[in-house]
Structures are given as C-alpha cells and as structure tokens.
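For the sequence shown, this note's numbering gives the first residue as 2, with consecutive numbering after it. Cβ atoms here follow ideal geometry from the backbone N, Cα and C, with glycine treated the same way. Single-structure report; data block below.
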Amino acid sequence: MRLALFEPEIAGNVGAVLRLGACLGAAVDLIEPMGFAWDDRRVRRTAMDYIDHVMVTRHAGFDAFRATVGAQRLILFTTRSRQSSYDFRFRADDILLFGKESAGVPAAVADACDARVRIPMQPHVRSMNLATTAALALGEALRQTATLPG
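Here it is in structure tokens:
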C-alpha cells in the first residue's frame, strides 16, 4: 500500500503523512511541485525521527509519477465522489492519492485514476485535513486487506 500526495502545499501535513506511513508501513510518493522547500524544518519537526523509517519518493510531476508506478491501481480520495471509501474494495497494492490542500487535483489527474472515493462526512463542511484523511483512508484500506501491522 502506498500514499501519494499531489502537489502538497503544507509542510506540516507532509510531515504528518510521513509519520503515518512509517507507523503503518506505507511508502509515500510526493508529486511535485510542492508548496514549500523540501528541506523545510516543519517537515522534519512534524515527522520527527519517523522520517527515517518511511520510504519516500519524490516525482517531478504527475506523468513522472505514473511512469514509475506502472499498473498499480490509483485510488483518488476526493470530495467530488459519491462512492464511500467504506464500501470500496481495496487491494493490498493500491496507491491512495490525495490532492493538494487548496484545490484537490485537476480533471486530467482525476480522469487518470482507476477509482474515486470519498470519506463520508457531514454535508455542511467542505473537507478534512489532508493528514487526517490519509489516516482514515490508509487505516480502512489496510483493515480491508488484512495488512495492518502488528
């Protein structure tokens, strides 16, 4: 299972997702450009020493990312889907994709995904924090595929 962040904008969110990946055994793909310098101290402060326990791959853009992941299924988490992530059948080798905090992903990226799902939430709110969404998504995907660590 992998987590992919499309053009993330907030260093603290990336740090939290790196820590999540380390704790749950998921590699993290960062699709550039990012909204901050990679050496931003906020990434390391949030990820703490967990950053040394997660495989991180940076990609020059979405096309470069797609070229390296091959035929693995790409599952987009988006508020624009009606398919609940809790009713979706994940596979152990899926890549869970999350869009940038301010705008999600462009239509061309969404169209390149194999599936689009959403985490159910109250209708009067816009979206959850990126790291929170990634945690809920990865937890459910690992639970379904019986690949939770420990």
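Query: Residue environment, Met122, which counts as buried when at least 16 other CB atoms sit within 10 Å; Result: exposed
Query: Inter-residue Cα distance where the pair is Thr155 and Met129; Result: As displayed, the chain neither begins before 2 nor continues past 151, which places residue 155 out of reach and without an answer.
Query: Paired residues, beta bridge with Ala116 - DSSP; Result: Ile76
Query: Those residues which DSSP pairs with Gly52 across a bridge; Result: The question names Gly, but residue 52 in the sequence shown is Ile. Note: Ile52 sits in no beta bridge, so no partner.
Query: C-alpha gap between Gly62 and Glu33, whole angstroms; Result: 5 Å
Query: Nonlocal neighbours in the same chain, by C-beta distance under 7 Å from Leu25, ignoring five residues either side; Result: Leu139, Leu143, Pro150
Query: Length of the line joining the Cα atoms of Ser86 and Glu141; Result: 8 Å
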